[in-house]
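Below is one structure, written out as structure tokens, with a few remarks after it.
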Amino acid sequence: MDMKARRTLYLSLVKSQLCYATEVWSPVNSVQISRRVEKVQRRATRWITMTKRGELSYRERLLALDLLPLTYDGEVRDLVYFFKSFSYIDVNTDNYVSF
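Counting from 1, one number per residue, gives the positions in the sequence shown under my numbering.
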């Protein structure tokens with residue numbers, strides 16, 4: 001399996017679950033949760049690039065795969081949600097809140 005296929009698998013099966021509704025449950029207040037979630041991506045990037053520990057830094061792997069750290073990705077999602085909310089741009093709250 002090539003790197004592109006492994007990246008696609010990661011994005012569709014793993015990252016989609018890790019980032020689901022982060023605007024609501026965002027682990028900003030819990031450093032421990034943030035580290036654990038980021039650790040999943042660190043390990044996944046090693047699997048995708050087929051490198052061993054120490055061969056490439058996490059940053060180099062992210063650059064090679066055109067990914068952001070999950071903490072940055074979450075911040076971007078938060079900012080987009082904030083912008084949409086205050087600009088009254090089609091935000092379907094049913095996707096984020098259930099009563």
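Positions of the beta carbon are idealized from the N, C-alpha and C atoms, including for glycine.
Checklist line | Closest residue to L70 among T51, L79 and R42 (Cα-Cα distance) | finding: R42
Next item on the list: Name the residue from L79, R6 and L68 whose alpha carbon lies nearest to the alpha carbon of V24.
Entry: L79
Notebook entry, point to check: Are W47 and R77 touching if we call contact CB-CB under 8 Å?
Noted result: no
Next item on the list: Determine the direct distance from the alpha carbon of Y88 to that of V37, and round the result to whole angstroms.
Entry: 31 Å
Check: Measuring CA to CA, which of R53, T45, F83 and G74 is closest to T8?
Finding: T45
Next item on the list: Determine, using beta carbons only, whether T49 and M3 come nearer to each other than 8 Å.
Entry: yes
Notebook entry, point to check: Looking only at its own chain, which residues have a Cβ that is under 8 Å from the Cβ of L62, when we skip the five neighbours before and after it?
Noted result: T45, L68 and P69
Check: At which residue ranges does the stretch 8-87 contain complete alpha helix (DSSP H) runs of 4 or more residues, listed in the order of the chain?
Finding: 22-25, 31-49, 58-65 and 70-86
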